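Down below is the structure, laid out as structure tokens.
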Amino acid sequence: MLRYLGKRFLLILPTIFVPLILVFLLLRLSPGDPAGMMLGDQATVEQIAALRNQLGLDQPIWVQFLLWLKGIVTLNLGDSIFFREPVMQIIPRYAGVTIMLTLVALLLAVAIGVTMGLLSAMNRNKPIDRGVVTTAVLGISLPEFWFALLLIFIFAVTLRWFPVAGYNPPSAGVVAFASTIFLPALALGVRQSALMTRMMRSSMLDVLNEPYITTARAQGLPESKVIGQYAMRTAAMPVVTVAGLSAGYMLGGAVAIEIIFALPGLGRMLVEAVGRRDYPLVEGGVLTISLVLAVLNLAIDLIYAILDPRIRYQ
Amino acid sequence: MTAHPTPLPADRAAPVSQARTVLEVENLSLSLRNADGLLPIVTDVSFSIRQGEAVALVGESGCGKSITASAIMGIAPENAVIDGTITLNGKVISGLSAHERRRLCGRHMGFIFQEPMTALHPTLSIGRQMTDTLRHNLGLGHAEATNRAAELLDRVGIPRARDILKGYVHELSGGMRQRVMIALAISCGPSLIIADEPTTALDVTIQAQVLDLLEDMRRELNLAMLFITHDLEVVGDFCEKAVVMYAGDVVERGRSADIVGAPTHPYARGLIDAVPAHDDGRTRLTPILGTVPPVGQWPEGCRFAPRCLRADSKCQTRPALERHGQTDARCWHPLEGN
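Structure, rendered in structure tokens:
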């Protein structure tokens, strides 16, 4: 088990570094000079050259790359060009929001997806199953921003159960936090929950046809145990896979939701930083997302290994 | 709670002929409900099994053997419509609710499946599967159940039982897997074991070992056994009685020695002639011409008539299961003993 995890851990290093190298190259090879953009139209050529020198942008690209590598290894990502403060101080302010949003959305998606999928599988081809499947297709087809606006209209504007926008960190209290995170998380999670519903339904239906389920029944085990433990154990695997993919998607793709709900999250920060050619901040943001994604993947692998002993021995 | 797989008092091991009846199946019919209505799968099956007796249910694939077994276990498909009476240890169980039927499984009936690799859970340990069953059916505690599971594995000839309990089905060989399956089936002291082609998926060398083990268990625990197979050689060696099924019908029923030695029904004769014999010097086997008609396309009268060399116009009406010589057969033109 430990060996397996160690191996998995080594495999996440490329997951972190490959996107970073791509970002390094992309930013430096794209048109537009950050020094010029920062100083504005009035800047003289000398002023721009001085800033380029200060930021190291006048160095050959491989020197920049080595400096950049050194920065990552020493966790010193430099100062944001726009905010003029260390990237390592800016990132946590934004990352917390996005990670919370993703986690709550994932939780909601799994809870809804597993419940609906099971309900559907247990009532195969009955009206309730058809209703769930139709709803799931609808859920997959609707874009998140549309769903977000719908939720705001119903629950914030009309019913006034939740604030329209804004964010309270968990430190402000559970209720305050929940009231601001629930709608955005639901808006973000609903498509994923629809995917998980379908996955849960089909994998449960597959597993229920397996001979070992017949064995469990023939041994006299009650149906609740047969479904809840014997079938769930194997049927959960594809759902875990989908949950991992969903989490990755939501981490990077929450920009629209963050903008609609005015959440100070990483996605919004990244979009703005790219617009300002704020190299250090973009790199810091991508590094953070890669790290979180890598940790998430490790967690998924761990869940796999717990669910399926065969994986541990490969 | 009920009987345990521990040595039995001598009086229970009475000769088969005087032993009490464990399972009685009377006029069992089963149809599947689909979009077009009811599709008959099994019609009018009757037989009984006494304590310590093995009865074979024989026939080609698709003749309704396995679904008959699942109807007895109460685990038939949800859309099955079942008719007839099933009596277990003197109690009519065919009218019980699904929940009550489930409570009989494990405790009173054990099931052995054809392919132990897929019939055992792939990601739960052997021990977990066995102790779950023992704890649920016998109300044992965890430690007690683990000890009992180890004893059971020991009993079916699995070495290092404690280690195997921690292992998983993919780590075992085919023979070991089927031994685990047998241990699981007998774990809660059932009086009836239903074995659905328990040796078909195994290597030939292992088949004999598993059959020997089943035979030992049957004698030791005085089990009634329903043995589903298409292998007539096994029937003759292993079972006292045999029920031959064809297209959802019982076509011949009687002592297996009589059926294997001198079958009355042409289909049973055909099955025997299709098996290579060791000693009669034939070089070619005699196949049964044609194939089993698919469910839903059974002929009106005798279902075997289209493939039967003895069929004539009389076979357009359905024959009854009647005594002919030593056995009961459903045939207008039974074979006289040879």
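Chains as they are written, first to last, in my numbering: chain W, 278 to 591; chain E, 59 to 396.
Cβ coordinates follow ideal geometry from the N, Cα and C atoms, glycine included.
All values derive from a computational prediction rather than experimental measurement.
Counting only runs that start and end within the region 513-579 of chain W, where is the alpha helix (DSSP H) found for 4 or more residues in a row? The alpha helix (DSSP H) runs of length 4 or more contained entirely in the region 513-579 of chain W are, from start to end of the chain, 532-537, 543-552.
Considering only the alpha carbon of each residue, which of E:V227, E:F171, E:L279, E:M167 lies closest to Q187 of chain E? Taking the first residue of the second sequence as 1, we reach residue 187 of chain E at position 129. Looking only at E:V227, E:F171, E:L279, E:M167, the smallest Cα-Cα distance to Q187 of chain E is reached by E:V227.
What separation, rounded to the nearest whole angstrom, lies between the Cα atoms of E278 of chain E and L271 of chain E? In the second sequence, counting from the first residue as 1, residue 278 of chain E sits at position 220. In the second sequence, counting from the first residue as 1, residue 271 of chain E sits at position 213. Cα to Cα, E278 of chain E sits roughly 10 Å from L271 of chain E.
Taking the beta strand (DSSP E) that F169 of chain E belongs to, which residues open and close that run? By one-based count along the second sequence, residue 169 of chain E stands at place 111. Here the beta strand (DSSP E) through F169 of chain E covers 167-170.
Listed by chain order, chain E residues near E487 of chain W by CB distance under 8 Å: Locating residue 487 of chain W in the first sequence gives position 210, counting from the first residue. Neighbours of E487 of chain W on chain E, chain order: T176.
Give the range of the alpha helix (DSSP H) segment to which E310 of chain E is assigned. Taking the second sequence and counting its residues from 1, the one referred to as residue 310 of chain E is at position 252. Where E310 of chain E is concerned, there is no enclosing alpha helix (DSSP H), although the beta strand (DSSP E) it sits in stretches over 307-313.
Since V301 of chain E and V139 of chain E should fall inside the 8 Å C-beta cutoff, what is the C-beta to C-beta distance between them, to a whole number of angstroms? For the purposes of this step, residue 301 of chain E is taken as the residue at position 243 of the second sequence. For the purposes of this step, residue 139 of chain E is taken as the residue at position 81 of the second sequence. Not a contact, Cβ separation roughly 22 Å.
Buried versus exposed, by CB contacts within 10 Å (16 or more), W356 of chain E: Position 298 of the second sequence holds residue 356 of chain E. Buried: at least 16 other Cβ atoms inside 10 Å.
Examine chain W for any beta-carbon lying closer than 8 Å to the beta-carbon of P392 of chain E, and answer yes or no. For the purposes of this step, residue 392 of chain E is taken as the residue at position 334 of the second sequence. With 8 Å as the cut-off, P392 of chain E does not count as an interface residue toward chain W.
Grab me the residues of H194 of chain E's own chain with a C-beta within less than 8 Å of its C-beta, minus the 5 sequence neighbours each way, in chain order. Translated into the one-based positions of the second sequence, residue 194 of chain E becomes position 136. Apart from the 5 residues on each side of it in sequence, H194 of chain E sits with its Cβ closer than 8 Å to the Cβ of G164 in its chain, given in chain order.
Per the DSSP calculation, L97 of chain E is bridged to which residue(s)? Position 39 of the second sequence, counted from the first residue, corresponds to residue 97 of chain E. Secondary-structure assignment with DSSP links L97 of chain E through a beta bridge to E:L90.
Contact under 8 Å by Cβ, M175 of chain E with R235 of chain E: Here residue 175 of chain E corresponds to residue number 117 of the second sequence, with the count starting at 1. Here residue 235 of chain E corresponds to residue number 177 of the second sequence, with the count starting at 1. In contact: M175 of chain E and R235 of chain E (Cβ atoms closer than 8 Å).
By how many angstroms is the C-alpha of K502 of chain W removed from the C-alpha of V5 of chain E? Residue 5 of chain E lies beyond the residue range present for chain E, which begins at 59 and ends at 396; the question has no answer from this structure.
Using a cut-off of 8 Å between C-beta atoms, extract the partners of C366 of chain E located in chain W. Residue 366 of chain E sits at position 308 when you count from the first residue of the second sequence. From the beta-carbon of C366 of chain E, no residue of chain W is found nearer than 8 Å; the closest lies around 35 Å away.
Short of 7 Å Cβ to Cβ, which residues in the region 302-332 of chain W face chain E? When C-beta distances to chain E are compared with 7 Å, every residue of the region 302-332 of chain W stays at or above that value.
Partners in chain W for Y226 of chain E, counting only beta-carbon separations shorter than 8 Å: The sequence position of residue 226 of chain E within the second sequence is 168, counting from 1. Near Y226 of chain E (Cβ distances below 8 Å), the residues of chain W are P586, R587.
Measure the alpha-carbon distance for G132 of chain E versus V387 of chain W and round it to whole angstroms. As a position in the second sequence, residue 132 of chain E is number 74, starting the count at 1. As a position in the first sequence, residue 387 of chain W is number 110, starting the count at 1. Rounded to whole angstroms, G132 of chain E to V387 of chain W spans 34 Å at the Cα level.
Which residues mark the beginning and the end of the alpha helix (DSSP H) in which D331 of chain E is found? Locating residue 331 of chain E in the second sequence gives position 273, counting from the first residue. For D331 of chain E, the enclosing alpha helix (DSSP H) begins and ends at 324-331.
So does the region 247-258 of chain E actually touch the region 210-222 of chain E, counting three or more Cβ pairs closer than 8 Å? Taking 8 Å as the limit for Cβ pairs, the verdict is that the region 210-222 of chain E does not touch the region 247-258 of chain E.
Give the interface partners of G562 of chain W over in chain E, defined as CB-CB distance under 9 Å, in chain order. For the purposes of this step, residue 562 of chain W is taken as the residue at position 285 of the first sequence. Around G562 of chain W, no beta-carbon contact reaches into chain E at under 9 Å, the shortest distance being about 39 Å.
Does the beta carbon of L346 of chain W sit closer than 8 Å to a beta carbon anywhere in chain E? In the first sequence, counting from the first residue as 1, residue 346 of chain W sits at position 69. Chain E contact via Cβ: absent.
Just curious, the alpha helix (DSSP H) that G283 of chain W is in, first and last residue? Start at 1 with the first residue of the first sequence, and residue 283 of chain W comes out as number 6. Element bounds for G283 of chain W: 279-306.
Sufficient close CB pairs (3 or more, under 8 Å) joining the region 201-215 of chain E to the region 146-160 of chain E: With a cut-off of 8 Å on Cβ pairs, the region 201-215 of chain E is not in contact with the region 146-160 of chain E, counting fewer than three such pairs.
Please tell me whether L297 of chain W has its Cβ less than 8 Å away from any Cβ of chain E. Indexing the first sequence from 1 puts residue 297 of chain W at position 20. So no, L297 of chain W is outside the interface.
Selected residue, minimal CA-CA separation from G232 of chain E, among E:V350, E:A259, E:E209: Within the second sequence, the letter at position 174 stands for residue 232 of chain E. Among E:V350, E:A259, E:E209, the Cα nearest to that of G232 of chain E is on E:A259.
Smallest Cα separation from V350 of chain E: which of E:T344, E:R365, E:A320? Your numbering for residue 350 of chain E matches position 292 in the second sequence. Measuring from the Cα of V350 of chain E, the nearest candidate turns out to be E:R365.
Residues within the region 470-497 of chain W neighbouring chain E, beta-carbon criterion of under 8 Å: Answer set for the region 470-497 of chain W: E487, P488, Y489, T491, T492, A493, R494, A495, Q496, G497.
Determine, using beta carbons only, whether M476 of chain W and G394 of chain W come nearer to each other than 8 Å. Indexing the first sequence from 1 puts residue 476 of chain W at position 199. Indexing the first sequence from 1 puts residue 394 of chain W at position 117. Taking C-beta atoms as the reference points, M476 of chain W and G394 of chain W count as a pair closer than 8 Å.
C-alpha gap between R237 of chain E and A531 of chain W, whole angstroms: The residue you call residue 237 of chain E lines up with position 179 of the second sequence. The residue you call residue 531 of chain W lines up with position 254 of the first sequence. Cα to Cα, R237 of chain E sits roughly 54 Å from A531 of chain W.
Could you give the distance in angstroms between the alpha-carbon of K403 of chain W and the alpha-carbon of L90 of chain E? Reading the first sequence from its first residue, position 126 is the one you call residue 403 of chain W. Reading the second sequence from its first residue, position 32 is the one you call residue 90 of chain E. Going from the Cα of K403 of chain W to the Cα of L90 of chain E covers about 18 Å.
For chain E, find out if any of its Cβ atoms is closer than 8 Å to the Cβ of L499 of chain W; answer yes or no. By 1-based counting over the first sequence, the position of residue 499 of chain W is 222. What sits at residue 499 of chain W in the sequence shown is Pro, not Leu. Yes, its Cβ sits closer than 8 Å to a Cβ of chain E.
Contact list for E173 of chain E against chain W, beta-carbon separation under 7 Å: Along the second sequence, read from residue 1 onward, the residue named residue 173 of chain E stands at position 115. For the C-beta of E173 of chain E, the chain W residues within less than 7 Å are, from N- to C-terminus, P488.
Option nearest H157 of chain E by Cα separation, candidates W:R494, W:R468, W:R545: Translated into positions along the second sequence, residue 157 of chain E becomes position 99. Closest option to H157 of chain E, Cα to Cα, is W:R494.
What's the C-alpha gap between I286 of chain E and A398 of chain W? Start at 1 with the first residue of the second sequence, and residue 286 of chain E comes out as number 228. Start at 1 with the first residue of the first sequence, and residue 398 of chain W comes out as number 121. So the alpha carbons of these two residues sit roughly 31 Å apart.
Contacts that T518 of chain W makes with chain E (C-beta to C-beta distance below 9 Å): Counted from its first residue, the first sequence places residue 518 of chain W at position 241. By Cβ distance, chain E contributes nothing, its closest Cβ being about 15 Å from T518 of chain W, past 9 Å.
Residues from the region 196-209 of chain E in contact with chain W, defined by Cβ distance under 7 Å: Residues passing the 7 Å Cβ filter: none.
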